[in-house]
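Asker: Here's a structure for you.
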């Protein structure tokens, strides 16, 4: 199989990367008291040494009291946490890599299995994290303004520290996505509405503030998903026309790259075309896109939490779509989590050395 298209350089604004492979953001919960450790820095540096084109960090939360439901999720604010992230990016750059933090607010969450809770209630557009499940407070306009400002400060810190880009987490049922979804946004003010474009206002204001803080030449990515962990078959945009009406305001606000999360990258987004989510997003917005979803493995990510293993799988269909121009970049999660040298093995055709993925890989930071 010819994987040449995966190993072409890519440049956009502040991003200059050696190949088209992105390490997908994956929550790891190995930052005690929310501070990235030396092991976290070594984990990311090892992926840079393994020649990942662009590393996107695990979700790292902005400065809101209930932005996280887990004491071991890293913060992207505060002197100690930012010092930890400075060590991360310095190590990645020393190894010749590029990296952006994924800045995050979880919104209304289920309580963590550890029993840890934030000091104040979870917050979201309507106190819901799925239809009928209220586990937080409805954000006031003041809360919303403070949250928008906190996203901006996190992005400004990322640029100041030398990161190559920033990704805003707008997917998977977290805060920004809770505003998008009619199942969790029951507001009647300017941040609610019956249509998806109306409910996109919060995300647009976040993006505008981030863009204001980092300037025009810094690459901004947003991660989006149609599905929710509580509703795998959900589609925020049910037609190409609805998708265009959702994405274009985000692009106009300042997004450069859409990171289009789906469970299986090969599945078509709409009837009548084999284009996936990233393919449609590129076609409709004209922006660069990242595809993601079970790349290089036989099973999807959610199965791993049920103890299911996944075997290496062919990249032939991925390469076919890349060669066709459906998307610009490819995010790979579990294979790179389990093997820092996955990219090099794919490049060199060492397919016999590719590892299976088991849930044990989630239990530690794999370094070798």
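In my numbering, the protein residues as written are 896 to 1263.
Ideal Cβ placement from N, Cα and C applies to all residues, glycine included.
None of the values given here were measured: they were computed from a predicted structure.
Does the region 914-932 come into contact with the region 1124-1133, if we say contact requires no fewer than three beta-carbon pairs (one atom in each stretch) closer than 8 Å?
Answerer: These segments do not touch.
Asker: Are at least three pairs of beta-carbons, each pair with one atom in the region 978-989 and one in the region 1024-1035, less than 8 Å apart?
Answerer: Segments in contact, no.
Asker: Using 10 angstroms around the beta-carbon of residue 1151, count the other beta-carbons present and answer buried if the total reaches 16, otherwise exposed.
Answerer: The residue is buried, with at least 16 neighbouring Cβ atoms inside 10 Å.
Asker: Can you have a look at residue 1223 and say buried or exposed, based on whether 16 or more other CB atoms are within 10 angstroms of its CB?
Answerer: Classification of residue 1223: buried, given that the 10 Å Cβ count is 16 or more.
Asker: Which residues mark the beginning and the end of the alpha helix (DSSP H) in which residue 1042 is found?
Answerer: Looking at the DSSP string, the run of the alpha helix (DSSP H) that includes residue 1042 is 1036-1056.
Asker: Can you give me the C-alpha to C-alpha distance between residue 1024 and residue 1079, rounded to a whole angstrom?
Answerer: Cα to Cα, the separation comes out at about 6 Å.
Asker: Within the same chain, show all residues whose beta-carbon is closer than 6 Å to that of residue 943, passing over the 5 residues directly before and after it, in chain order.
Answerer: Within the same chain, residue 943 has close Cβ partners 987, 990 and 992.
Asker: Determine the contact status of residue 960 and residue 927, defining contact as a CB-CB distance below 8 Å.
Answerer: It is not a contact, given that the beta carbons lie outside the stated cut-off.
Asker: Can you tell me whether residue 1025 is helix, strand or coil according to DSSP?
Answerer: Three-state DSSP puts residue 1025 in a strand.
Asker: Could you tell me which residues DSSP pairs with residue 1062 in its beta bridges?
Answerer: DSSP lists 997 and 1116 as partners of residue 1062.
Asker: Spell out a yes or no on whether the region 1140-1154 and the region 1050-1058 are touching, meaning 3 or more CB-CB pairs, one atom from each, closer than 8 Å.
Answerer: Contact between the region 1140-1154 and the region 1050-1058 is absent, because fewer than three Cβ pairs lie under 8 Å.
Asker: Given a cut-off of 8 Å on the beta-carbon distance, is the pair residue 1069 and residue 1020 in contact?
Answerer: No, Cβ-Cβ distance for residue 1069 and residue 1020 is not below 8 Å.
Asker: Hey, residue 945 and residue 905 are a contact pair by Cβ (cut 8 Å); roughly how many whole angstroms apart?
Answerer: Residue 945 to residue 905, Cβ: 18 Å. No contact.
Asker: Considering only the beta carbon of each residue, do residue 957 and residue 1046 sit closer than 8 Å?
Answerer: It is a contact, given that the beta carbons lie within the stated cut-off.
Asker: To test your reading of the DSSP string, which unbroken alpha helix (DSSP H) runs of 4 or more residues are found completely within the region 932-959?
Answerer: Segments of the alpha helix (DSSP H) lying fully in the region 932-959: 933-944.
Asker: Taking DSSP as the reference, what is the three-state secondary structure of residue 1262?
Answerer: It is coil, neither helix nor strand.
Asker: The alpha helix (DSSP H) with residue 1180 in it runs from where to where?
Answerer: Unbroken alpha helix (DSSP H) run through residue 1180: 1172-1180.
Asker: Quick check: what's the CA-CA separation for residue 1163 versus residue 1229?
Answerer: The straight-line gap from Cα to Cα measures roughly 22 Å.
Asker: Spatial neighbours of residue 973 within its chain, please: C-beta separation below 6 Å, excluding the five flanking residues on both sides.
Answerer: Answer for residue 973: no residue qualifies.
Asker: Where residue 1253 and residue 1092 are concerned, what is the direct C-alpha to C-alpha distance, given to the nearest angstrom?
Answerer: Distance between the alpha carbons of residue 1253 and residue 1092 is about 40 Å.
Asker: If you count every other CB in all the chains shown that lies within 10 Å of the CB of residue 1009, and 16 or more means buried, which is it?
Answerer: Flag for residue 1009 reads exposed.
Asker: Whose CA, out of 998, 935 and 1105, lies closest to the CA of residue 1044?
Answerer: Out of 998, 935 and 1105, 1105 has the C-alpha closest to the C-alpha of residue 1044.
Asker: Drop a sphere of 10 angstroms on the beta-carbon of residue 1026, count the other beta-carbons inside from all chains shown, and report buried for 16 or more, exposed for fewer.
Answerer: Under this definition residue 1026 is an exposed residue.
Asker: If we count the other Cβ atoms within 10 Å of its Cβ and call it buried at 16 or more, is residue 970 buried or exposed?
Answerer: Buried, by the Cβ-count rule.
Asker: Looking at residue 1221: is its Cβ nearer than 8 Å to the Cβ of residue 1171?
Answerer: Yes.
Asker: Indicate the three-state DSSP secondary structure (helix, strand or coil) for residue 1067 in the structure shown.
Answerer: Three-state result, residue 1067: coil.
Asker: Once you ignore the five residues that flank residue 1022 on each side, which residues in its own chain have a CB closer than 7 Å to its CB?
Answerer: So the qualifying residues of the chain are 1003, 1029, 1031, 1032 and 1033.
Asker: Based on the DSSP secondary-structure assignment, which residues constitute the bridge partners of residue 929?
Answerer: For residue 929, which the question treats as bridged, DSSP gives no partner whatsoever.
Asker: I'd like to know whether the C-beta atoms of residue 1116 and residue 954 end up nearer to each other than 8 Å.
Answerer: Their beta carbons are not under 8 Å apart, which means residue 1116 does not touch residue 954 by this criterion.
Asker: Secondary structure at residue 984, three-state DSSP: helix, strand or coil?
Answerer: Correct three-state label for residue 984: helix.
Asker: Where do the ends of the alpha helix (DSSP H) carrying residue 1097 lie?
Answerer: That run of the alpha helix (DSSP H) goes 1096-1109.
Asker: Under a Cβ-count criterion, where at least 16 other Cβ atoms within 10 Å of its own Cβ denotes burial, should residue 1147 be classed as buried or exposed?
Answerer: Flag for residue 1147 reads exposed.
Asker: Note the first and the last residue of the continuous alpha helix (DSSP H) segment covering residue 1185.
Answerer: Here residue 1185 belongs to no alpha helix (DSSP H); instead the beta strand (DSSP E) covers 1183-1187.
Asker: Going by C-alpha distance, which of 1165, 1064 and 1169 is nearest residue 1120?
Answerer: Of the candidates 1165, 1064 and 1169, the one whose C-alpha sits nearest the C-alpha of residue 1120 is 1064.
Asker: Could you pull out every residue in the same chain whose Cβ sits closer than 8 Å to the Cβ of residue 1011, ignoring the five residues on either side in sequence?
Answerer: For residue 1011, where only same-chain residues beyond five positions count, the Cβ hits under 8 Å are 964, 965 and 966.
Asker: Using the rule of at least 16 other Cβ atoms within 10 Å of the residue's Cβ for burial, across every protein chain shown, is residue 1234 buried or exposed?
Answerer: With 16 or more Cβ atoms within 10 Å of its Cβ, residue 1234 is classed as buried.
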